[in-house]
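Asks: Pasting a structure here, questions to come.
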Amino acid sequence: MTPEQKLADLGLTLPEVVPPLAAYVPAVRTGDLVYTSGQVPMVEGKLARTGKLGAELTADEGMEMARICALNALAALKSEVGDLGRIVRIVKAVVFVASTPDFTGHPQVANGASELLGEVFGEAGRHARSAVGVAALPLDAPVEVELIVEVS
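Every number in my numbering is 49 more than the matching position in the sequence shown, counting from 1.
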């Protein structure tokens, strides 16, 4: 089953690539690696949610935002390589979580992205990861996800 078929089985479709918000490109390939720019939870051109984890959003809501970010990262990957079937392995995910100083659920929030990648790519979706708390993200996004991916 292709990654796109797995997404369809999950009731998901790849969105259009989120246009860059500044001077960068959505993804860059060098050799067998593709690096995505940070993806925020944009849905149809608008942020799905704004605010900070621990204040306006719960960890479960943050997980859903991370899942949207990962889906946007997959769209950026597909725009660079043409076919998600060319993905050999998700190497690393970095998940930035805008949060209050006392929020400590960053790993749980990051699981929203990690679990989606595992559902779509199976063993090849298992990856190294960093979950980082930050004071703020662009446009007051609650979560931002970037990926490093090996492709054929």
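All C-beta atoms in this analysis are idealised placements derived from N, C-alpha and C, irrespective of residue type, glycine included.
Only a predicted model underlies this, so the values are computations on that prediction, with no experimental measurement involved.
For residue 73, which residues of its own chain have a beta-carbon under 6 Å away from its beta-carbon, when the five flanking residues on both sides are left out?
Replies: Excluding positions up to five away in sequence, the list reads 86.
Asks: Quick one: what's residue 77 bridged to in DSSP?
Replies: Paired residues: 84.
Asks: Note down the Cα distance separating residue 151 from residue 103, rounded to an integer number of angstroms.
Replies: Each residue's Cα considered, the two are about 7 Å apart.
Asks: How would you label residue 112, buried or exposed, when you count the other beta carbons within 10 angstroms and need 16 or more for buried?
Replies: Classification for residue 112: buried.
Asks: Excluding the five sequence neighbours on either side, which residues of its own chain have a C-beta within less than 6 Å of the C-beta of residue 129, listed in chain order?
Replies: Excluding positions up to five away in sequence, the list reads 76, 78, 83.
Asks: Looking only at its chain, what residues have a beta carbon closer than 6 Å to the beta carbon of residue 147, apart from the 5 residues adjacent to it on each side?
Replies: 101, 183, 185, 186, 191, listed in sequence order.
Asks: Which residues mark the beginning and the end of the beta strand (DSSP E) in which residue 145 is found?
Replies: Residue 145 -> beta strand (DSSP E) spans 136-147.
Asks: State buried or exposed for residue 127, treating a residue as buried only when at least 16 other CB atoms are found within 10 Å of its CB.
Replies: The residue in question, residue 127, is buried, as its Cβ has 16 or more Cβ neighbours within 10 Å.
Asks: Using CA coordinates, which residue listed in 114, 155, 134, 159 is at the minimum distance from residue 199?
Replies: Of the candidates 114, 155, 134, 159, the one whose C-alpha sits nearest the C-alpha of residue 199 is 134.
Asks: Could you name the residues that DSSP lists as bridge partners for residue 102?
Replies: Answer is 106, 148, bridged to residue 102.
Asks: Does the pairing of the stretch 50-61 with the stretch 87-94 give three or more beta-carbon distances under 8 Å?
Replies: No, they do not touch.
Asks: State the start and end residues of the unbroken beta strand (DSSP E) segment that holds residue 182.
Replies: Residues 177-183.
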